[in-house]
Every structure is written in C-alpha cells, then in structure tokens.
Amino acid sequence: MNLKKIILIILFSTVFFKNANSTIPHYIDFKLILNQSDAGKKAQSFLKSKLEKGIKNINDKQKNIQAEEKKIIQQKKILAPEEYKKQVQALRTKVSSLQKERNFLLDDVAKKRSKARKDLLKTLNPIVENYMKEKNIRIVLDKKSILLADESLDITKDIMTLLNKELKSIDIK
Numbered sequence: 001m002n003l004k005k006i007i008l009i010i011l012f013s014t015v016f017f018k019n020a021n022s023t024i025p026h027y028i029d030f031k032l033i034l035n036q037s038d039a040g041k042k043a044q045s046f047l048k049s050k051l052e053k054g055i056k057n058i059n060d061k062q063k064n065i066q067a068e069e070k071k072i073i074q075q076k077k078i079l080a081p082e083e084y085k086k087q088v089q090a091l092r093t094k095v096s097s098l099q100k101e102r103n104f105l106l107d108d109v110a111k112k113r114s115k116a117r118k119d120l121l122k123t124l125n126p127i128v129e130n131y132m133k134e135k136n137i138r139i140v141l142d143k144k145s146i147l148l149a150d151e152s153l154d155i156t157k158d159i160m161t162l163l164n165k166e167l168k169s170i171d172i173k
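The structure is reproduced here in structure tokens:
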C-alpha cells in the first residue's frame with residue numbers, strides 16, 4: 001500500500017515539475033543576435049563600409065566647395081557684381097545638392113539597416129518557435145525587458161547557433 005502511494009506521488013510530481021518547467025519564461029538577447037550573428041555581422045560591416053565611403057566622398061566634395069568659396073571671396077573685388085552673384089548662386093546650389101546627397105546617404109543606410117533587421121527577424125522567428133516546441137518552452141522574452149534572471153534561462157547561444165546554420169548572410173544591396 002505505501003509503495004503504491006510513493007509511486008503515485010512520484011508520477012504526479014514528475015508530471016507537475018515537467019509542466020512547471022515549461023511555464024518558466026526563457027529569454028533571448030535579440031540585440032546580441034542582431035549584432036553578433038554571422039549574417040548580422042556581415043550586414044553591419046557592409047552598411048558601415050557604405051556609410052564611411054559615402055561620408056568620405058561627401059567630405060571631399062565639401063572641401064572642394066570650401067576651396068571654391070575662398071576663391072570666390074578673393075575675387076569679389078575683381079569680378080563684376082553680376083558675375084559674383086552668379087558664382088555665389090552656383091556655390092549655394094552645390095551646397096544644397098551636397099546636403100541632399102548626405103541626407104539621401106543617411107536615409108538609404110537607415111532603410112537598408114531596417115530591411116536587414118526585418119529579414120533577420122523573419123528568419124529568426126521560425127527558429128525560435130521550433131526551439132520552443134522542441135524544448136517545451138511556452139514563453140520567450142527579450143533580455144532588455146528583464147530586470148534580473150537566472151543565466152540558465154538564457155537561450156541566446158542556442159538560438160544564435162541555429163540561426164548561423166540557417167542564415168549565412170542577408171542580401172541588402
């Protein structure tokens with residue numbers, strides 16, 4: 001009789017603890033995955049390079065415009081007033097064009113960064129869902145929304161490994 005009670009208690013407690021474990025929220029550091037996954041690193045590197053090249057090109061143009069401005073200022077007394085106004089207006093047009101080019105570069109990089117993030121998350125979501133099913137996890141939270149948590153509930157490394165196998169790079173060109 002006592003043996004039957006012990007076996008029943010063990011069975012109920014294992015079922016209870018198994019179900020209790022699945023209700024414990026786990027967490028992922030999405031920022032780390034976005035920045036440190038293979039695809040995320042490649043995308044970041046590409047966008048950083050594009051931005052640096054674009055800014056260098058714009059800075060070179062800006063130096064040329066500044067040199068042209070100095071030249072126009074030096075020639076102010078020599079030039080006819082109409083010619084001086086034409087050159088100043090042409091310079092203003094170049095400055096405006098350069099500002100538009102800078103804004104376009106920044107917008108383009110921001111759009112491509114956003115697209116890369118969406119593509120990465122589109123691939124990441126099914127991976128997380130499958131992982132949750134396999135491990136019987138019912139909820140996964142983002143690490144940034146957690147104040148304190150046990151490190152054993154962090155599944156970032158597992159998810160990153162799965163993502164790196166699934167997604168080698170993101171097409172953001």
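Residue numbers (my numbering): 1 to 173. C-beta: ideal position from N, C-alpha, C; glycine also.
Item to complete: Output the distance between the C-alpha atoms of Thr123 and Ile170, rounded to the nearest integer angstrom.
Response: For the purposes of this step, residue 123 is identified with residue 123 of the sequence shown, where counting begins at 1. For the purposes of this step, residue 170 is identified with residue 170 of the sequence shown, where counting begins at 1. Between Thr123 and Ile170, the C-alpha separation is close to 10 Å.
Discussion item. Would His26 and Ile155 qualify as a contact pair, given that the criterion is a beta-carbon distance under 8 Å?
Written reply: Residue mapping note: residue 26 aligns to position 26 of the sequence shown, counting from 1. Residue mapping note: residue 155 aligns to position 155 of the sequence shown, counting from 1. Yes, the Cβ-Cβ distance between His26 and Ile155 is below 8 Å.
Worksheet item: Taking buried to mean at least 16 other C-beta atoms within 10 Å of its own C-beta, is Lys86 buried or exposed?
Response: Looking up residue 86 in the sequence shown gives position 86. The residue is exposed, with fewer than 16 neighbouring Cβ atoms inside 10 Å.
Fill in: 8 Å CB neighbourhood of Tyr84 in its chain, flanking five on each side removed
Counting from one through the sequence shown, the residue named residue 84 turns up at place 84. Only Ile72, Gln75 and Lys76 meet the Cβ criterion.
Item to complete: Note down the Cα distance separating Leu162 from Pro126, rounded to an integer number of angstroms.
Response: For the purposes of this step, residue 162 is taken as residue 162 along the sequence shown, with counting starting at 1. For the purposes of this step, residue 126 is taken as residue 126 along the sequence shown, with counting starting at 1. Straight-line Cα distance between these residues: approximately 11 Å.
Item to complete: Look at Ile65 and Val95 and say whether their C-beta atoms are less than 8 Å apart.
Response: Residue 65 sits at position 65 when you count from the first residue of the sequence shown. Residue 95 sits at position 95 when you count from the first residue of the sequence shown. Going by C-beta atoms, Ile65 is nearer than 8 Å to Val95.
Worksheet item: Would you say Ile33 and Ile159 are within 8 Å of each other, going by their C-beta atoms?
Response: Translated into the one-based positions of the sequence shown, residue 33 becomes position 33. Translated into the one-based positions of the sequence shown, residue 159 becomes position 159. A contact, by the Cβ cut-off of 8 Å.
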